[in-house]
Structures are given as C-alpha cells and as structure tokens.
Amino acid sequence: MKKSIPIVLISTSAALWGIIAIFIRKLSNFGFSPMEIVTLRVITAASLLGLLGVFQYRSQLRIAYKDLSLFIGTGLCSIVLFNWCYFSAINQMNLSIAVILLYTAPAFVTVLSYFFLKEKMNSIKLISVTGTIVGCILIAGLNLNDTASISGAGLLTGLGAGFGYALYSIFGKFALKKYPPFTVTFYTFVVAAISLLPLTGLWTKVDILMNGDVVFYAIGLGVFPTVLAYLLYTKGLEDIETSKAAIIATVEPVVATLLSVFVYNENFGAIQGIGSTIILLSVLFINLPVGFERRIQKGKASIK
C-alpha cells in the first residue's frame with residue numbers, strides 16, 4: 001500500500017495539470033498572451049506558497065545560499081525554459097506536433113536519470129517510454145504529412161520544451177535530498193516569477209488584473225494545476241524513480257483529452273481512444289511488481 005502512494009500522488013498531479021485549459025482559456029479571453037498567463041501562474045503560485053510558508057511552514061523557508069543553483073535549475077532551466085520553448089514551438093508549427101515534442105520528456109528523464117541519478121535502464125522503462133510517446137502522437141492526431149513543414153529551429157525549440165519539462169524531475173530529485181517538497185516547490189516558483197516578470201511587463205495590465213473574474217481564474221490557476229499539482233508531484237518524487245514519475249505523469253494528456261470531450265464538446269475519435277489506452281497501459285506497465293521483469297528475462301533465457 002505504501003508503494004502505491006507516490007503513484008497516486010503523481011497521477012493526481014498529472015490530472016490537475018490536465019485541467020489547466022479551463023483557466024488558460026478563460027484568461028486568454030481577457031486578452032492575456034500565453035507567456036503573460038505563465039507569468040501570472042508562477043507569481044500567483046509563489047505568493048500563495050509564500051503565505052502558506054509564513055503561517056504553516058516557516059522553518060521550511062530557509063535555504064543555504066550555495067543551494068540556490070538547485071532552484072535555478074527547477075525554476076529557470078525547467079519552468080521558464082520549458083514554457084518559452086513550448087510557446088515558441090506552437091508559433092512555429094502545428095499544435096499537435098508541438099505537443100508530441102513536449103512529451104518526449106519521459107525519454108529525456110529516463111536518459112538523464114541513468115547518467116546523473118544512476119537509475120537502472122531496463123526493458124520495461126524503454127517499452128513504457130515508447131508507449132507514452134506513441135500514445136501522445138495518437139491523442140494529438142498527428143498528421144505525418146505536416147512534419148514536412150517543421151523547420152530546424154522549430155524542431156529544436158520543440159525538443160527544448162521536452163528537455164526543459166524533464167529537468168524539473170532531475171533538479172527536483174537532487175533538491176529533495178536536502179529540502180522537503182514544500183521548500184523545493186516554493187523556491188522553484190519564486191525563481192520562475194523573478195525571471196519572467198521583467199520579460200512580460202505584466203504590471204502594464206493592472207486595470208485588467210483588478211477584474212474580479214480575472215482574480216478568480218488567476219487564483220484557480222495558481223492553486224489547482226500549479227501549487228497543488230507541483231506539491232503532489234514533488235512529494236511523490238521523493239519515493240519513486242524519476243523515470244517512472246515522468247511516465248506516470250503522461251496521464252496528463254489523457255485527462256486533458258477527456259476534459260475537451262466532456263466540457264468543451266470537442267471531437268474524440270477511435271485514434272484518440274487507442275492513444276489514451278496505450279498511455280494508461282504504459283503507466284500500468286512501468287508500475288508492475290519488481291520481480292516481473294526478472295520473470296520476463298528468465299522466460300527469454302529459457303526460450304534460448
């Protein structure tokens with residue numbers, strides 16, 4: 001039962017990330033650009049976490065100056081880089097292709113975890129990573145004829161989004177060796193907010209920011225798919241391999257697809273259904289009992 005807790009935490013965080021479209025679409029209707037929404041997201045999250053820290057986790061607000069690089073890793077190299085690359089990729093190619101390139105993240109995490117965290121590489125991980133990427137391709141409804149329009153710069157920024165997305169798991173794992181999940185999450189968004197605010201000049205829209213509906217959706221964006229999602233993911237990351245966590249988190253596009261069908265009445269075909277099923281099977285596969293792969297390898301040996 002204890003082993004299933006990280007899986008539940010990460011799955012829940014992925015589901016919360018999956019509902020982010022609700023808040024983004026509402027804020028877009030008020031005239032905010034994608035990067036302004038990201039800035040609004042990280043500032044709101046940093047503010048809410050700061051208040052929570054002052055009243056509930058004051059002792060966890062302390063960090064050593066020498067460890068600031070860890071939060072530059074999670075905040076600047078991950079949150080800021082991944083969002084900038086993702087939105088740049090969206091502007092350079094079809095959304096479906098940008099989504100696929102973003103979800104190369106589990107592959108990046110698996111490779112980076114092998115080299116930097118010394119996590120084992122095995123056939124179950126490789127099959128699961130492949131399954132999640134194939135599933136995302138099917139969910140996005142990728143038209144292979146569209147790939148001819150991808151420029152070199154577009155491909156690099158798209159892969160940069162997946163790489164930046166992956167870095168949170170890597171830097172987060174290192175940070176969790178020294179600090180609790182709250183501290184890691186809080187300083188991640190503080191660094192991201194400090195980095196993004198000067199770039200977007202969000203203060204020029206103070207009049208719109210005072211709108212009650214904007215405040216409502218901004219707080220919702222900061223609480224559900226941000227503070228809660230990242231706290232749960234970071235907590236789950238404490239007790240599970242980063243490569244497994246990244247694969248489990250691909251539940252996000254499945255949830256987003258279901259949201260688009262039941263809330264926005266968007267089309268959902270058989271291909272999307274197959275893609276969703278492949279992702280869920282990949283998540284189940286990566287969480288098979290420890291001895292399962294040994295039995296697979298033993299079976300292969302006996303065949304030989």
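For what it's worth, my numbering labels the leading residue of the sequence shown as 1, then goes sequentially. Virtual Cβ for every residue (Gly too), placed ideally from N, Cα, C. In this text, all values refer to a predicted model and were calculated from it rather than measured experimentally.
1) Exposed or buried, Arg41, counting other C-beta atoms within 10 Å across all chains shown (16 or more means buried)?
2) Grab me the residues of Val191's own chain with a C-beta within less than 7 Å of its C-beta, minus the 5 sequence neighbours each way, in chain order.
3) Tell me the residue span of the alpha helix (DSSP H) that contains Thr250.
4) Measure the Cβ-Cβ separation of Pro34 and Phe82 and say whether it is below 8 Å.
5) Do Ser169 and Val80 have their C-beta atoms closer together than 8 Å?
6) How big is the Cα-Cα spacing for Ile286 and Phe174?
7) I'd like the list of long-range same chain contacts for Ala21, defined as Cβ closer than 7 Å, with 5 residues on each side in sequence excluded.
8) Taking the alpha helix (DSSP H) that Gly73 falls in, what are its first and last residues?
9) Let me make sure I understand the geometry here. Which of Lys120, Asn122, Val134 and Phe115 has the alpha-carbon closest to that of Ile97?
10) Go ahead and pull the three-state DSSP assignment for Asp239.
11) Using only CA atoms, which one of Asn94, Leu197, Gly158 and Ala166 lies nearest to Phe116?
12) Taking the straight line between their C-alpha atoms, what separation do you get for Thr226 and Lys235?
13) As a quick exercise: from Gly201, Ala229 and Leu27, pick the residue whose alpha carbon is nearest that of Val8.
14) Please report how far the alpha carbon of Ala218 lies from the alpha carbon of Ser123, in whole angstroms.
15) Please classify Phe262: is it buried, with 16 or more other beta-carbons within 10 angstroms of its beta-carbon, or exposed?
16) Going by DSSP, what residue range makes up the alpha helix (DSSP H) through Pro198?
17) Taking 8 Å as the cut-off, does the stretch 202–209 touch the stretch 262–273 (at least 3 CB pairs, one atom from each stretch)?
18) Going by DSSP in three states, Ala46 sits in which element: helix, strand or coil?
19) If you run the structure through DSSP and keep just helix, strand and coil, what is Thr104?
20) Measure the Cβ-Cβ separation of Ala153 and Gln56 and say whether it is below 8 Å.
21) Go through its chain and collect everything with a Cβ distance to Ile43's Cβ below 6 Å, but skip five positions before and after it.
22) Give me the Cβ distance between Ala161 and Leu102, rounded to the nearest whole Å; I'm assuming they're in contact under 8 Å.
23) In this structure, how does DSSP classify Met35 when only helix, strand and coil are distinguished?
24) Check Arg58 in the structure and name its three-state DSSP category.
According to the data block:
1) buried
2) Phe71, Ile72, Gly75 and Leu76
3) It is not in any alpha helix (DSSP H) - Thr250 carries neither H nor E in the DSSP assignment.
4) no
5) no
6) 22 Å
7) Ala256 and Leu259
8) Taken as a continuous stretch (DSSP letters only), Gly73 belongs to no alpha helix (DSSP H), as it is neither H nor E.
9) Val134
10) coil
11) Ala166
12) 14 Å
13) Ala229
14) 42 Å
15) exposed
16) Pro181 to Thr200
17) no
18) helix
19) coil
20) no
21) Ala193
22) 5 Å
23) helix
24) helix
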